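**Q** Take this structure first; my questions come after.
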Amino acid sequence: MKNIFKYTLLAFLSITMFSCDEDATEGKFGDNPESGWVDFNVATPATTLSAVATELIVPVQVNAPVNATDLTVNFALEEVLGGSPTQVIASSNRSVVIPAGQLGADIEFDIADLLTLVSNGITVEFDVVLTSTSRGSVSVGLADDSQVTRFRVSTPCPVNITDGATYVGTSSRDGGVVQDGYDVIITEVAPLTYMADVSWGPDFVAVLAGAAGFNGQFAAAITFTVDPVTGAVNIISGGSADGSDNSLALVYSISGSGTYDTCNDIFLLTIAEDGIFTNPVTGVEIIFQMP
0 MKNIFKYTLL AFLSITMFSC DEDATEGKFG DNPESGWVDF NVATPATTLS
50 AVATELIVPV QVNAPVNATD LTVNFALEEV LGGSPTQVIA SSNRSVVIPA
100 GQLGADIEFD IADLLTLVSN GITVEFDVVL TSTSRGSVSV GLADDSQVTR
150 FRVSTPCPVN ITDGATYVGT SSRDGGVVQD GYDVIITEVA PLTYMADVSW
200 GPDFVAVLAG AAGFNGQFAA AITFTVDPVT GAVNIISGGS ADGSDNSLAL
250 VYSISGSGTY DTCNDIFLLT IAEDGIFTNP VTGVEIIFQM P
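See the structure below:
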């Protein structure tokens, strides 16, 4: 009798667990192998276009056992910021066909000339939104909204460096951090030309040389330009031409280049030094970012 009760209880629990183990795909496939849903086949549902971009490709997939006939996926462009998406997208197509026998296709957009937007300081954001399909058994996403059916597109942000702003610096060499958390004051000395009072950190030389007596010396100030279209940074001068920033009165130079992320206000620079050490120091990676 105890065994009969035990087996009955186990059977009841099994039925209960099975009935609760439903998910958003429940009933999607059934007897129709062409039933399922579509979504964007991307790891990150957003991108920022380059100022010189000429095309944008966003992959779409159908999640179904088979796709025996052509499937048309319709989409729309929804304005988020900065005006109409047609300022960015030159293509008029608002649908893509996933061919029979395939489970994916690419939405391809022709990009309008973005240089005018960038030069005028205009940033445009919009969403590519999947709206419907040509097959009634294929939905857009699932009922739980867990699928990516909305893809955000942004144009580059304009250069907006605040004169006299204090950034936080990090310097590395050979993959290891030499100094981090130091203040860097960036001032504008001419249009799109800036000076950073410290580049690789006030104690960079002291750490590399293993001599604490150099702390606070060789700050390696740099002057650089920023290209408003590409975000490219070019260091036009740097170091100390008269040795005034160190007790040894050493004259040294800093050169290098990098990029400026206009949307996130982050500088990524690579510099080289000549004049302090016996051999030039190269491959120093520097990050300036707003705290």
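For reference, each letter of the sequence shown is one residue, going 0 to 290 in numbering that gives the first Met the number 0. Every residue gets a Cβ at the ideal spot worked out from N, C-alpha and C, and that includes glycine. Predicted, not measured: the structure shown is a model, and the values here were computed from it.
Could you spell out the range, first to last residue, of the beta strand (DSSP E) harbouring T169?
**A** Run containing T169: 164-172, per the beta strand (DSSP E) assignment.
**Q** Straight-line CA distance for E308 to P279?
**A** Given a span of 0 to 290 for the chain in the structure shown, any question on residue 308 remains unanswerable.
**Q** Can you tell me whether F287 is helix, strand or coil according to DSSP?
**A** F287: strand per DSSP, three-state reduction.
**Q** Which residue wins for smallest C-alpha separation from V115, given the options T154, A63, A219, I286?
**A** Reading the sequence as shown, one finds Thr at residue 115 and not Val. Nearest option by C-alpha distance: T154.
**Q** Taking D182 as the reference, which of C156, S91, S170 has the closest Cα?
**A** The shortest C-alpha separation from D182 is found at S170.
**Q** My output table needs one value for V306: the three-state DSSP class, helix, strand or coil.
**A** No answer is possible for residue 306: the residues shown for the chain start at 0 and end at 290.
**Q** Taking F77 as the reference, give the member of E284, F287, G163, T148 with the closest Cα.
**A** The sequence given here has Glu at residue 77, not Phe. Cα-wise, what sits closest to E77 is T148.
**Q** With DSSP as the reference, please indicate the residues paired to P84 in a beta bridge.
**A** Note: P84 sits in no beta bridge, so no partner.
**Q** Mind the definition here: the stretch 136-146 touches the stretch 82-95 only if three or more C-beta pairs lie below 8 Å; say whether that holds.
**A** Judged by Cβ distances under 8 Å, the stretch 136-146 makes no contact with the stretch 82-95, as fewer than three pairs qualify.
**Q** Can you check which of these residues, L48, G100, T281, is closest to F108 by C-alpha distance?
**A** Measuring from the Cα of F108, the nearest candidate turns out to be L48.
**Q** Rounded to the nearest angstrom, what separates V61 and G230 at their Cα positions?
**A** The alpha-carbon atoms of V61 and G230 are separated by roughly 37 Å.
**Q** Quick one: what does DSSP say A23 is sitting in, helix, strand or coil?
**A** In this prediction, A23 scores a pLDDT of 49, lower than 50, which makes its location untrustworthy; the coordinate-derived value is nonetheless stated afterwards. Reduced to three states, the DSSP call for A23 is coil.
**Q** Under the DSSP definition of a beta bridge, which residues are partnered with F266?
**A** DSSP, once it has assigned bridges, lists Y259, F287 as partnering F266.
**Q** Which same chain residues end up closer than 7 Å to Y166 when comparing Cβ atoms and leaving out the 5 residues on each side of it in sequence?
**A** If we look at Y166 and ignore the five residues flanking it on each side, its Cβ neighbours are V183, I185, F287, Q288, M289.
**Q** Look at the alpha carbon of D112 and the alpha carbon of G274, and state the distance between them as a whole number of angstroms.
**A** For D112 and G274, the distance between alpha carbons rounds to 45 Å.
**Q** Whole angstroms are fine: how far does the CA of I110 sit from the CA of T53?
**A** Rounded to the nearest angstrom, the two C-alpha atoms are 5 Å apart.
**Q** Which complete alpha helix (DSSP H) runs does the stretch 86-133 hold, if anything under 4 residues is left out?
**A** Complete alpha helix (DSSP H) runs here, min 4: 114-118.
**Q** Determine whether the beta carbon atoms of E124 and V152 lie at a separation below 8 Å.
**A** Yes; because the gap between Cβ atoms is below 8 Å, this pair is in contact.
**Q** DSSP three-state call for L70: helix, strand or coil?
**A** In this structure, L70 counts as strand in the three-state DSSP scheme.
**Q** If we count the other Cβ atoms within 10 Å of its Cβ and call it buried at 16 or more, is S235 buried or exposed?
**A** It is worth fixing the name first, because residue 235 is Ile in this sequence and not Ser. Burial call: exposed.
**Q** Buried or exposed for P64, please, with buried defined as at least 16 other CB atoms from any protein chain shown within 10 angstroms of its CB.
**A** By the neighbour-count rule (16 or more Cβ atoms within 10 Å), P64 is not buried but exposed.
**Q** Secondary structure at G230, three-state DSSP: helix, strand or coil?
**A** Three-state DSSP puts G230 in coil, outside helix and strand.
**Q** Going by Cα to Cα distance, which pick from F203, G200, F150 is closest to P44?
**A** When each option's Cα is compared against that of P44, the closest is F150.
**Q** By the 10 Å Cβ neighbour count, where 16 or more other Cβ atoms means buried, how is R93 classified, buried or exposed?
**A** Under this definition R93 is an exposed residue.
**Q** Please report the straight-line C-alpha distance between S138 and V127, rounded to a whole angstrom.
**A** If you take the alpha carbons of S138 and V127, they lie about 17 Å apart.
**Q** Taking the C-alpha atoms as reference points, what is the distance between T277 and S256?
**A** T277 and S256: Cα-Cα distance of roughly 23 Å.
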